[in-house]
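**Q** Below you will find the structure I want to go over with you.
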Amino acid sequence: MKTYARIVNDAVVELFSTDGNMAEMFHPDLLWIDITEITPAPQINWTANFGTLGWVFASPQEPAPDSPLKTLAKKWLSGIGRQP
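So in our numbering, spot 42 of the sequence shown is number 1425, and the numbers just go up one at a time.
Rendered as structure tokens:
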């Protein structure tokens, strides 16, 4: 069974696994890329760009964790709101 990613606006929007012929199953205007052999396997919302090396997939950027100072500031500010 093969796994395919549907690409729209340089992003993975759908995943589909089948033994069938994708050309017969979907409209030809839909862009499906075989991702069966790609590790790690692209997921929905990953970016997808085609370049000289073929298709390149990347996971979304994770937000940076709060710094210790920002964490303390949040705790301090939330404590202010509780005062009578």
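By construction, the Cβ of each residue, glycine as well, lies at the ideal position given by its N, Cα and C atoms.
#1: Can you tell me where the beta strand (DSSP E) with E1397 in it begins and where it stops?
#2: According to DSSP, is A1424 helix, strand or coil?
#3: Taking Cβ positions, are T1386 and F1399 nearer each other than 9 angstroms?
#4: Could you check what DSSP says for T1419 in three-state terms: helix, strand or coil?
#5: Please look up how many angstroms separate the CB atoms of E1397 and I1421, rounded, as I've assumed it's under 8 angstroms.
#6: When DSSP labels each residue in this structure, what does T1435 get in the three-state scheme?
#7: Apart from the five residues on each side of it in sequence, which residues of its chain come closer than 8 angstroms, Cβ to Cβ, to A1433?
**A** Taking the definition as stated:
#1: Working through the sequence shown from its first residue, we reach residue 1397 at position 14. Note, E1397: beta strand (DSSP E), 1394-1401.
#2: On the sequence shown, position 41 is the one that residue 1424 refers to. Here A1424 sits in coil by DSSP.
#3: In the sequence shown, residue 1386 corresponds to position 3, counting from 1. In the sequence shown, residue 1399 corresponds to position 16, counting from 1. In this structure, F1399 lies closer than 9 angstroms to T1386 by Cβ.
#4: Locating residue 1419 in the sequence shown gives position 36, where the first residue counts as 1. Correct three-state label for T1419: coil.
#5: The sequence position of residue 1397 within the sequence shown is 14, counting from 1. The sequence position of residue 1421 within the sequence shown is 38, counting from 1. Taking the Cβ atoms as the reference, E1397 lies roughly 16 angstroms from I1421, outside the contact range of under 8 angstroms.
#6: Here residue 1435 refers to the residue found at position 52 when the sequence shown is read from its first residue. Coil, per DSSP.
#7: Translated into the one-based positions of the sequence shown, residue 1433 becomes position 50. Checking the sequence, you will find Phe at residue 1433 rather than Ala. These residues qualify, in order along the chain: V1439.
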